[in-house]
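Novice: So for the sequence shown, the working numbering puts the first residue at 85; every next one is plus one.
Every residue, glycine too, gets a C-beta built ideally from N, C-alpha and C.
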Amino acid sequence: GATVLFDGSSVEHFKDGKITDEGLLSVGTELNKTYRSFRMHVEFRLPYMPYATGQARSNSGVYLQSHYEVQILDSFGLEGVENECGGLYKQKRADVNMCFPPLSWQTYDIAFVAPKFDADGKKIKNAFITVLQNGVPIHQDYSIVAKTGGGKQEGPELFPIKLQDHSNPVRFRNIWIVDLSDQPDPAYCQPCQPLLCDRCTD
Numbered sequence: 085g086a087t088v089l090f091d092g093s094s095v096e097h098f099k100d101g102k103i104t105d106e107g108l109l110s111v112g113t114e115l116n117k118t119y120r121s122f123r124m125h126v127e128f129r130l131p132y133m134p135y136a137t138g139q140a141r142s143n144s145g146v147y148l149q150s151h152y153e154v155q156i157l158d159s160f161g162l163e164g165v166e167n168e169c170g171g172l173y174k175q176k177r178a179d180v181n182m183c184f185p186p187l188s189w190q191t192y193d194i195a196f197v198a199p200k201f202d203a204d205g206k207k208i209k210n211a212f213i214t215v216l217q218n219g220v221p222i223h224q225d226y227s228i229v230a231k232t233g234g235g236k237q238e239g240p241e242l243f244p245i246k247l248q249d250h251s252n253p254v255r256f257r258n259i260w261i262v263d264l265s266d267q268p269d270p271a272y273c274q275p276c277q278p279l280l281c282d283r284c285t286d
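1) Let's see if you can read the secondary structure: which residues bound the beta strand (DSSP E) around THR191?
2) Classify GLN139 as helix, strand or coil using the three-state DSSP reduction.
3) Where does the unbroken beta strand (DSSP E) through GLN155 begin, and where does it stop?
4) Nearest to TYR135 by alpha carbon, out of ASP158, LEU108, GLN190, ILE259?
5) How close, in whole Å, do the beta carbons of PHE332 and PHE196 come, if the pair is a contact with beta carbons under 8 angstroms?
6) Keeping to the same chain, check which residues put their C-beta closer than 7 angstroms to that of GLU101; ignore five residues upstream and five downstream.
7) Per DSSP, what kind of secondary structure is ALA86 in: helix, strand or coil?
8) Secondary structure at ALA211, three-state DSSP: helix, strand or coil?
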């Protein structure tokens, strides 16, 4: 079943986590526990920054295993390129720009299958990711070819999921995760079916 990581009552699952006066989670924190493969739900709210532009406009991100960033940005009405909201930072743009206006609550539903490494630490299989933003698929079973942007270099060592601090007051609520790390490969797709994971052919 799912583990509730944040419901507004505690930051016990987060390193240096801070709850705002509104009962929301601030940026600049990471999970205490590491996860190999998982499904994750996170809700976020962007501040209204009308005089900021580009990457200075409500910037944050969800860093999966500290390697791969799903970008958070005020990209409402924009083209939706790979460094804008929903993009796998500087690697792949969202299939569709599903960003709501700032001050609206938005959702990411992420299914992540970890990369594989041999005994020498050489990658033998890429990570795969499916993402829904606000209920709409924006990445479907995408093979992540390398770490994104400022993420840590890929390797067999596990690192935590991070909520990036980019000096903007992005807020989070209602975060949960389902650990898929102990499931054999053939079972990975089953929990992902609601996220349109189509890797299974059976």
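Specialist: Reading from the atomic positions:
1) Per DSSP, THR191 belongs to the beta strand (DSSP E) from 189-197.
2) helix
3) 152-156
4) ASP158
5) Outside the shown range of the chain, which is 85 to 286, sits residue 332, and nothing can be said about it.
6) According to the sequence shown, residue 101 is Gly rather than Glu. Cβ neighbours of GLY101 beyond the five flanking positions: VAL95, LEU109, THR113.
7) coil
8) ALA211 falls in the strand class under three-state DSSP.
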